[in-house]
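Asker: Okay, handing you the structure first.
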Amino acid sequence: MSKQEISPSVIRRLPRYHRFLGELAEQGTVRISSKELSRQMGMTASQIRQDLNCFGGFGQQGYGYNVRALRDEIGQILGISAHRRTILIGLGNLGRAIASHVSFPECGCELIGLFDSNPFVAGKDIEGMPVHHADTLSGFCHQEHPELAILCVPENAAPVLAEKLVALGVRAFWNFSHGDLHFADPAILVENVHLADSLLTLTYGLAHETLNDSAEESAASDISASLSTNRKD
Numbered sequence: 161m162s163k164q165e166i167s168p169s170v171i172r173r174l175p176r177y178h179r180f181l182g183e184l185a186e187q188g189t190v191r192i193s194s195k196e197l198s199r200q201m202g203m204t205a206s207q208i209r210q211d212l213n214c215f216g217g218f219g220q221q222g223y224g225y226n227v228r229a230l231r232d233e234i235g236q237i238l239g240i241s242a243h244r245r246t247i248l249i250g251l252g253n254l255g256r257a258i259a260s261h262v263s264f265p266e267c268g269c270e271l272i273g274l275f276d277s278n279p280f281v282a283g284k285d286i287e288g289m290p291v292h293h294a295d296t297l298s299g300f301c302h303q304e305h306p307e308l309a310i311l312c313v314p315e316n317a318a319p320v321l322a323e324k325l326v327a328l329g330v331r332a333f334w335n336f337s338h339g340d341l342h343f344a345d346p347a348i349l350v351e352n353v354h355l356a357d358s359l360l361t362l363t364y365g366l367a368h369e370t371l372n373d374s375a376e377e378s379a380a381s382d383i384s385a386s387l388s389t390n391r392k393d
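According to the working numbering, the sequence shown is numbered sequentially starting from 161.
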């Protein structure tokens, strides 16, 4: 199956498989069936088999999946061994947290440069890496050839900065700028990240859980009133 034929939803599940299989390997699990994997991951076994079959057969009939081997195969599919040269622009609270806590090598990236336009931030070190002033970005890109950029900049600054970076050879963006980036060129890849979206998913669930509870209470009240009326009759 070609890359174009693989559903984006399947691709988005691959990192979760990789992470979960890594946790199983650390626990000493050698092999696992699709049924057991589905139970632990909260998915269906058929979904797991369909997803993995998009990339070839990894399991053995009657044996299941070799945990480490499957994790390695998925890692290869995800390109973890590529060490994509990566820069991060915007060292506010979020940018510093990403620079300090994201395990870039495990994600197939090599963080090679940090940038900020604030003169009080530029020149400092974060996790042993110097923060360069944003004015030096063009020269750095010409010399180091990054292909992935993490943007933690204000929303109004992101589009112009992204276009500049594309001209400098950057081909992928992890965008935290609060606004979505879009490019006419399909070869430019973008992940627009909105942290509040997942929180709103939870608040939706809580709101509708409350509504469902209210509906159940109302229905119970109606039944109780009906029974009371019947008793009076």
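Virtual Cβ for every residue (Gly too), placed ideally from N, Cα, C.
(1) For P279, does the three-state DSSP call read helix, strand or coil?
(2) Determine which residues share a DSSP beta bridge with R245 and list them.
(3) Answer yes or no: do I128 and A259 have a C-beta to C-beta separation smaller than 9 Å?
(4) For N316, count neighbouring Cβ atoms within 10 angstroms of its own Cβ and tell me buried if that reaches 16, exposed if not.
(5) Under three-state DSSP, which class holds I166?
(6) Within its chain, find whatever has a CB closer than 7 Å to the CB of L212; leave out the 5 residues flanking it on each side and keep chain order.
(7) What does the alpha-carbon distance come out to for the pair P168 and D232?
(8) Entirely within the region 181-266 and at least 3 residues each: give me those beta strand (DSSP E) ranges in chain order.
(9) Have a look at T246 and E183 and give me their C-alpha separation to the nearest angstrom.
(10) Taking C-beta to C-beta, are A242 and G273 nearer than 9 Å?
(11) T389 by DSSP, collapsed to three states: which one?
(12) Mapping DSSP to helix, strand and coil, what is P290?
(13) Could you check whether I310 and L248 sit closer than 9 Å to each other, using their CB atoms as the reference points?
(14) Using a Cβ-Cβ cut-off of 8 Å (strictly less than) and excluding sequence neighbours within five positions of H305, which residues of its own chain qualify?
(15) Using the DSSP secondary-structure output, state which residues sit across from I348 in a beta bridge.
(16) In chain order, which beta strand (DSSP E) runs of at least 3 residues are fully inside the region 298-363?
(17) Please report how far the alpha carbon of N253 lies from the alpha carbon of Y223, in whole angstroms.
(18) State the beta-bridge partners of D103 as determined by DSSP.
(19) Measure the CB-CB distance between H302 and F275 and report whether it falls below 9 Å.
(20) On the criterion of 16 or more Cβ atoms from any shown chain inside 10 Å, does Y177 qualify as buried, or is it exposed?
(21) Here's the rule: buried if 16 or more other CB atoms are within 10 angstroms of the residue's CB, otherwise exposed. What is V190?
(22) Starting from the C-beta of E351, find all residues in its chain whose C-beta is less than 6 Å away, skip the five residues before and the five after it, and write them out in chain order.
(23) Whole angstroms are fine: how far does the CA of T296 sit from the CA of T361?
Answerer: Checking against the coordinates, here is how it stands:
(1) Looking up residue 279 in the sequence shown gives position 119. Three-state DSSP puts P279 in coil, outside helix and strand.
(2) Numbered from 1 along the sequence shown, position 85 holds the residue referred to as residue 245. R245 is bridged by DSSP to E270.
(3) With the chain covering only 161 through 393, there is no way to say anything about residue 128.
(4) Within the sequence shown, residue 316 is the residue found at index 156, counting from 1. Looking at its Cβ environment, which holds fewer than 16 other Cβ atoms inside 10 Å, N316 is exposed.
(5) Locating residue 166 in the sequence shown gives position 6, where the first residue counts as 1. Residue state, collapsed to three classes: coil.
(6) By 1-based counting over the sequence shown, the position of residue 212 is 52. Around L212: F218.
(7) Within the sequence shown, the letter at position 8 stands for residue 168. Within the sequence shown, the letter at position 72 stands for residue 232. Going by the C-alpha atoms only, they are around 21 Å apart.
(8) You should have 244-249.
(9) Locating residue 246 in the sequence shown gives position 86, where the first residue counts as 1. Locating residue 183 in the sequence shown gives position 23, where the first residue counts as 1. Each residue's alpha carbon lies about 26 Å from the other.
(10) Here residue 242 refers to the residue found at position 82 of the sequence shown. Here residue 273 refers to the residue found at position 113 of the sequence shown. It is not a contact, given that the beta carbons lie outside the stated cut-off.
(11) Position 229 of the sequence shown, counted from the start, is the residue given in the question as residue 389. The predicted position of T389 is uncertain, since its pLDDT is 45 and thus under 50; no value can be drawn from it.
(12) Here residue 290 corresponds to residue number 130 of the sequence shown, with the count starting at 1. Correct three-state label for P290: strand.
(13) By 1-based counting over the sequence shown, the position of residue 248 is 88. By 1-based counting over the sequence shown, the position of residue 310 is 150. Going by C-beta atoms, L248 is nearer than 9 Å to I310.
(14) Here residue 305 corresponds to residue number 145 of the sequence shown, with the count starting at 1. Once the five neighbours on either side are set aside, the close Cβ partners of H305 are R245, G329.
(15) Here residue 348 refers to the residue found at position 188 when the sequence shown is read from its first residue. Answer by DSSP bridge pairing: none, since I348 is not bridged.
(16) 308-311, 332-335, 349-352
(17) In the sequence shown, residue 253 corresponds to position 93, counting from 1. In the sequence shown, residue 223 corresponds to position 63, counting from 1. Taking the straight line from one Cα to the other gives about 47 Å.
(18) The displayed coordinates of the chain run from 161 to 393. Any statement about residue 103 would go beyond what the structure contains.
(19) Walking along the sequence shown from the start, residue 302 turns up at place 142. Walking along the sequence shown from the start, residue 275 turns up at place 115. For H302 and F275, no; Cβs fall outside 9 Å.
(20) For the purposes of this step, residue 177 is identified with residue 17 of the sequence shown, where counting begins at 1. By the Cβ neighbour-count rule, Y177 is buried, with 16 or more other Cβ atoms within 10 Å of its own.
(21) Numbered from its first residue, the sequence shown carries residue 190 at position 30. Classification of V190: exposed, given that the 10 Å Cβ count is below 16.
(22) On the sequence shown, residue 351 is found 191 positions in, with the first residue counted as 1. So the qualifying residues of the chain are W334.
(23) Within the sequence shown, numbered from 1, the residue matching residue 361 stands at position 201. Within the sequence shown, numbered from 1, the residue matching residue 296 stands at position 136. So the alpha carbons of these two residues sit roughly 40 Å apart.
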